[in-house]
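Enquirer:
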Amino acid sequence: MSKWTAKQTGYMKEALRLARQGWGLVSPNPMVGAVLVKRGRVLAKNWHSGPGQLHAEAAVLAEAGRKAAGAELYVNLEPCAHHGRTGPCVEAIIEAKVAKVFYSVPDPHAVAAGGARLLEDAGVEVDRGLLADEAWELNQFFFKWATTGVPFVILKTAASLDGKIATSSGDSRWISSKAARNFGHHIRAGVDAILIGRNTACKDDPELSARPWGRRKMHRQPRRVVLDPALKLPFDLKLFDPALGGPTTVVCAPEAPTAAKEELRRLGHVVMEAPKLPSGFLSLSTVVNELGQSGCQSVLIEPGATLASSALLEEPVVDLVHIFLAPMFLGGRDAPGLLGGPGLAALNLARAAEILKIGRKGPDVHIMVRPNGAFKPSDDARSPWQPEPPAAAQ
Ligand SMILES: NC(=O)c1ccc[n+]([C@@H]2O[C@H](COP(=O)([O-])OP(=O)(O)OC[C@H]3O[C@@H](n4cnc5c(N)ncnc54)[C@H](OP(=O)(O)O)[C@@H]3O)[C@@H](O)[C@H]2O)c1
Numbered sequence: 026m027s028k029w030t031a032k033q034t035g036y037m038k039e040a041l042r043l044a045r046q047g048w049g050l051v052s053p054n055p056m057v058g059a060v061l062v063k064r065g066r067v068l069a070k071n072w073h074s075g076p077g078q079l080h081a082e083a084a085v086l087a088e089a090g091r092k093a094a095g096a097e098l099y100v101n102l103e104p105c106a107h108h109g110r111t112g113p114c115v116e117a118i119i120e121a122k123v124a125k126v127f128y129s130v131p132d133p134h135a136v137a138a139g140g141a142r143l144l145e146d147a148g149v150e151v152d153r154g155l156l157a158d159e160a161w162e163l164n165q166f167f168f169k170w171a172t173t174g175v176p177f178v179i180l181k182t183a184a185s186l187d188g189k190i191a192t193s194s195g196d197s198r199w200i201s202s203k204a205a206r207n208f209g210h211h212i213r214a215g216v217d218a219i220l221i222g223r224n225t226a227c228k229d230d231p232e233l234s235a236r237p238w239g240r241r242k243m244h245r246q247p248r249r250v251v252l253d254p255a256l257k258l259p260f261d262l263k264l265f266d267p268a269l270g271g272p273t274t275v276v277c278a279p280e281a282p283t284a285a286k287e288e289l290r291r292l293g294h295v296v297m298e299a300p301k302l303p304s305g306f307l308s309l310s311t312v313v314n315e316l317g318q319s320g321c322q323s324v325l326i327e328p329g330a331t332l333a334s335s336a337l338l339e340e341p342v343v344d345l346v347h348i349f350l351a352p353m354f355l356g357g358r359d360a361p362g363l364l365g366g367p368g369l370a371a372l373n374l375a376r377a378a379e380i381l382k383i384g385r386k387g388p389d390v391h392i393m394v395r396p397n398g399a400f401k402p403s404d405d406a407r408s409p410w411q412p413e414p415p416a417a418a419q
């Protein structure tokens with residue numbers, strides 16, 4: 026039986042619902058929602074709407090004013106203890122004389138963590154762990170990047186029921202339904218970078234922009250990244266259109282022609298070098314790590330069969346897979362399947378995976394998969410709050 030009441034769970038559910046409104050707006054910050062409650066009445070609720078804006082806790086405290094004294098605060102992340110672009114939330118909570126703080130998961134960020142301890146030291150009651158799994162999942166990009174420096178990597182692909190991602194002539198637009206593609210744009214809107222291989226760039230000529238349905242405002246477009254080992258992509262592709270705004274990052278082998286690298290830089294794009302693996306492909310872990318170092322917390326791979334095989338089997342970098350299966354058959358010996366590459370020689374070498382969800386997006390089946398070895402919540406992040414034992418007397 027849960028140690029929390031249905032009402033307490035409901036308040037945290039509401040905090041999580043509010044936090045979700047920050048999807049695509051708050052990076053590099055986490056998505057946070059807060060609900061302030063006193064004697065069973067909601068005094069204020071709010072969410073963090075982006076860098077430099079009030080944190081959710083500060084926003085509800087400002088709205089409630091002096092009424093916040095003696096209230097309970099529900100927030101999906103441990104209140105921060107640091108002076109960033111805004112003041113520390115723990116100070117505001119203590120000053121407002123909030124009686125109790127319920128938070129779902131600890132802040133893993135080295136600079137912002139430690140808020141719960143400060144609150145306890147100041148006499149504020151603290152309760153950790155309410156809806157911890159949901160809260161962890163909501164901010165998994167932020168948690169992975171803050172604890173490892175490596176972005177959370179999502180792979181999204183669409184196939185026919187017989188597993189083909191294109192016809193034998195390379196036609197893939199559109200296999201998935203409008204509903205699935207809208208969901209794809211929703212994912213794009215929430216990530217920091219989108220990565221594709223050179224064949225997809227040539228065949229599909231995508232813009233790689235996020236155009237989420239119903240969303241008028243975008244905080245910023247994700248960074249466009251394309252793998253082009255020998256720098257042979259033509260500059261008339263949409264990816265290089267200056268009207269899109271911002272540079273495209275082109276990843277190449279160190280031995281790619283210097284003149285091509287210089288030309289890309291002259292056009293305002295970014296050239297990233299990555300070593301070649303024995304297969305001749307570029308090292309994806311190098312690419313992903315470099316993106317992490319430049320502040321990307323999440324990367325969406327929209328692969329052809331070749332890149333999908335690299336990212337899932339050759340050099341596994343993927344944390345979450347979205348597969349859309351459209352109600353059609355394409356067939357064709359030469360039509361690419363979900364994964365290309367040489368494949369595995371024996372079943373016991375298969376990369377196992379956990380199916381997290383099977384649902385529908387319009388007429389398509391939507392399968393969400395976590396490959397084994399992907400980033401997962403640590404038990405520590407999800408366990409209930411345990412005060413540290415007092416330090417032994419010297
Ligand atoms: N249904 C869908 O969801 C979907 C999504 C995307 C694309 N597609 C379709 O997929 C087809 C293209 O797929 P594809 O398999 O031919 O190519 P791809 O995966 O788009 O690109 C593969 C190429 O990228 C370069 N590359 C560099 N590093 C790599 C790495 N680590 N792993 C893999 N590739 C790397 C290589 O270029 P070099 O050859 O220069 O070495 C490689 O040949 C198109 O028909 C497109 O329409 C379908």
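Numbering (the numbering used here), first residue to last: 26 to 419.
All C-beta atoms in this analysis are idealised placements derived from N, C-alpha and C, irrespective of residue type, glycine included.
1. Using a Cβ-Cβ cutoff of less than 8 Å, which residues in the same chain neighbour Ala378 once the five nearest sequence positions on both sides are dropped?
2. What's the call for Ala255, buried or exposed, on a 16-neighbour Cβ count within 10 Å?
3. Here's the rule: buried if 16 or more other CB atoms are within 10 angstroms of the residue's CB, otherwise exposed. What is Gly447?
4. Should Lys301 go down as buried or exposed, given a rule of 16 or more other Cβ atoms within 10 Å for buried?
5. Could you tell me the alpha carbon to alpha carbon distance between Gly329 and Pro247, rounded to whole angstroms?
6. Going by beta carbon distance, what residues of the same chain come within less than 7 Å of Lys401, once the five residues before and after it are set aside?
7. Smallest Cα separation from Asn314: which of Glu340, Pro133 and Pro303?
8. Just verifying my parser: in three-state terms, what is the DSSP assignment at Gln419?
9. Distance, Cα to Cα, Val423 vs Arg198?
10. Take every Cβ of the stretch 117-130, pair it with every Cβ of the stretch 145-157, and state whether three or more of those distances are shorter than 8 Å.
11. Ignore the nearest five residues each way along the sequence and tell me which others in Lys382's own chain have a CB closer than 8 Å to its CB.
12. Roughly how many angstroms separate the alpha carbons of Leu186 and Asp230, rounded to a whole number?
13. For the alpha helix (DSSP H) containing Trp161, name the first residue and the last one.
14. Assign Glu280 to one of three DSSP states: helix, strand, or coil.
15. By the three-class DSSP mapping on this structure, what secondary structure does Lys92 have?
16. What's the C-alpha gap between Ala121 and Leu50?
17. So Leu350 is in the beta strand (DSSP E); what residue range does that whole segment cover?
18. Suppose the cutoff is 8 Å on Cβ atoms and the five residues either side in sequence are ignored; what does the same chain contact list for Arg358 look like?
19. Using a Cβ-based criterion (distance less than 7 Å to any ligand heavy atom), does Leu264 qualify as near ligand 1?
20. Straight-line CA distance for Ala399 to Pro388?
21. Ordered along the chain, which non-local residues of its own chain (more than five positions away) have a Cβ less than 8 Å from that of Leu262?
22. For my contact list, Pro104 and Glu82 are in at a C-beta cut-off of 8 Å; report their separation, rounded to the angstrom.
23. Excluding the 5 residues flanking Ala375 on each side, which residues of the same chain have their C-beta closer than 7 Å to its C-beta?
24. For the alpha helix (DSSP H) that Phe260 lies in, which residues bound it at each end?
25. Give, in chain order, every unbroken run of the alpha helix (DSSP H) that is at least 4 residues long and sits entirely within the stretch 186-271.
26. The alpha helix (DSSP H) that contains Gly58, what's its start and end?
27. Could you please give the first and the last residue of the uninterrupted alpha helix (DSSP H) stretch that includes Ser310?
28. Leaving out five residues before and five after Gly365 in sequence, what residues of the same chain have Cβ atoms less than 6 Å from its Cβ?
29. Taking the Cβ atom as the reference point for each residue, do Glu232 and Leu269 lie within a distance shorter than 8 Å?
30. Let's see if you can read the secondary structure: which residues bound the alpha helix (DSSP H) around Met26?
31. Does DSSP classify Arg395 as helix, strand or coil?
32. Given the structure, does Pro131 come close to ligand 1, in the sense that its CB is under 7 Å from one of the ligand's heavy atoms?
33. At the level of alpha carbons, what is the spacing between Gly174 and Ser323?
34. Using the rule of at least 16 other Cβ atoms within 10 Å of the residue's Cβ for burial, across every protein chain shown, is Gln165 buried or exposed?
35. Any beta carbon from chain D within less than 8 Å of Val394's own beta carbon?
Expert: The answer reads as follows:
1. As a working mapping, residue 378 is identified with position 353 in the sequence shown. Within its own chain, the residues whose Cβ lies closer than 8 Å to the Cβ of Ala378, once the five positions on either side in sequence are excluded, are Val346, Val394, Arg395, Pro396 and Asn397, listed in chain order.
2. Indexing the sequence shown from 1 puts residue 255 at position 230. With a threshold of 16 other beta carbon atoms within 10 Å, Ala255 falls short and is exposed.
3. Residue numbering for the chain in the displayed model covers 26 to 419; residue 447 lies beyond these limits and cannot be assessed.
4. By one-based count along the sequence shown, residue 301 stands at place 276. The residue is exposed, with fewer than 16 neighbouring Cβ atoms inside 10 Å.
5. For the purposes of this step, residue 329 is identified with residue 304 of the sequence shown, where counting begins at 1. For the purposes of this step, residue 247 is identified with residue 222 of the sequence shown, where counting begins at 1. Cα to Cα, the separation comes out at about 19 Å.
6. Translated into the one-based positions of the sequence shown, residue 401 becomes position 376. None.
7. For the purposes of this step, residue 314 is identified with residue 289 of the sequence shown, where counting begins at 1. Cα-wise, what sits closest to Asn314 is Glu340.
8. The residue you call residue 419 lines up with position 394 of the sequence shown. Per-residue confidence for Gln419 stands at a pLDDT of 32, beneath the threshold of 50, marking its modelled position as unreliable; the derived number appears in the next sentence. Coil at Gln419, not helix or strand.
9. A query on residue 423 cannot be resolved here, the shown segment of the chain reaching from 26 to 419 and no further.
10. In short, these stretches touch, since the Cβ pair count reaches three.
11. Here the question's residue 382 lines up with position 357 in the sequence shown. Around Lys382: His391, Ile392 and Met393.
12. Within the sequence shown, the letter at position 161 stands for residue 186. Within the sequence shown, the letter at position 205 stands for residue 230. If you draw a straight line from the Cα of Leu186 to the Cα of Asp230, it comes to about 25 Å.
13. Position 136 of the sequence shown, counted from the first residue, corresponds to residue 161. Run containing Trp161: Ala157 to Leu163, per the alpha helix (DSSP H) assignment.
14. Numbered from 1 along the sequence shown, position 255 holds the residue referred to as residue 280. Glu280 falls in the coil class under three-state DSSP.
15. Here the question's residue 92 lines up with position 67 in the sequence shown. Three-state result, Lys92: helix.
16. The sequence position of residue 121 within the sequence shown is 96, counting from 1. The sequence position of residue 50 within the sequence shown is 25, counting from 1. Straight across, the Cα-Cα distance linking Ala121 with Leu50 is about 28 Å.
17. Start at 1 with the first residue of the sequence shown, and residue 350 comes out as number 325. Looking at the DSSP string, the run of the beta strand (DSSP E) that includes Leu350 is Leu345 to Ala351.
18. Start at 1 with the first residue of the sequence shown, and residue 358 comes out as number 333. Apart from the 5 residues on each side of it in sequence, Arg358 sits with its Cβ closer than 8 Å to the Cβ of Ser193 in its chain, given in chain order.
19. For this step, residue 264 is matched to residue 239 along the sequence shown. Leu264 Cβ: outside cutoff for every heavy atom of ligand 1.
20. If you number the sequence shown from 1, residue 399 lands on position 374. If you number the sequence shown from 1, residue 388 lands on position 363. The alpha-carbon atoms of Ala399 and Pro388 are separated by roughly 29 Å.
21. The sequence position of residue 262 within the sequence shown is 237, counting from 1. Cβ neighbours of Leu262 beyond the five flanking positions: Ala226, Cys227 and Asp230.
22. If you number the sequence shown from 1, residue 104 lands on position 79. If you number the sequence shown from 1, residue 82 lands on position 57. Correct: roughly 5 Å between the Cβ atoms.
23. Translated into positions along the sequence shown, residue 375 becomes position 350. Its chain contains Leu369 as the residues whose beta carbon lies nearer than 7 Å to that of Ala375, once the 5 sequence neighbours on both sides are disregarded; these appear in chain order.
24. Position 235 of the sequence shown, counted from the first residue, corresponds to residue 260. Run containing Phe260: none; DSSP gives neither H nor E here.
25. Correct list: 203-215 and 223-229.
26. Indexing the sequence shown from 1 puts residue 58 at position 33. In the DSSP assignment, Gly58 falls outside any alpha helix (DSSP H) and within the unbroken beta strand (DSSP E) covering Gly58 to Lys63.
27. Your numbering for residue 310 matches position 285 in the sequence shown. Counting along the chain, Ser310 sits inside the alpha helix (DSSP H) bounded by residues Leu309 to Gln318.
28. As a first step, residue 365 is located in the sequence shown; it is residue number 340 there, counting from the start. Answer for Gly365: Ala330, Thr331 and Ser334, listed in chain order.
29. Within the sequence shown, the letter at position 207 stands for residue 232. Within the sequence shown, the letter at position 244 stands for residue 269. Their beta carbons are under 8 Å apart, which means Glu232 touches Leu269 by this criterion.
30. Locating residue 26 in the sequence shown gives position 1, counting from the first residue. Per DSSP, Met26 is not a residue of any alpha helix (DSSP H), being assigned neither H nor E.
31. Sequence index remark: in the sequence shown, residue 395 carries index 370 (1-based). Arg395: strand per DSSP, three-state reduction.
32. Within the sequence shown, the letter at position 106 stands for residue 131. Not one heavy atom of ligand 1 falls within 7 Å of the beta-carbon of Pro131.
33. For the purposes of this step, residue 174 is identified with residue 149 of the sequence shown, where counting begins at 1. For the purposes of this step, residue 323 is identified with residue 298 of the sequence shown, where counting begins at 1. The alpha-carbon atoms of Gly174 and Ser323 are separated by roughly 11 Å.
34. Here residue 165 refers to the residue found at position 140 of the sequence shown. Gln165 is buried by the Cβ-count criterion.
35. Given the protein chain composition of this structure (a single chain), no chain D is represented.
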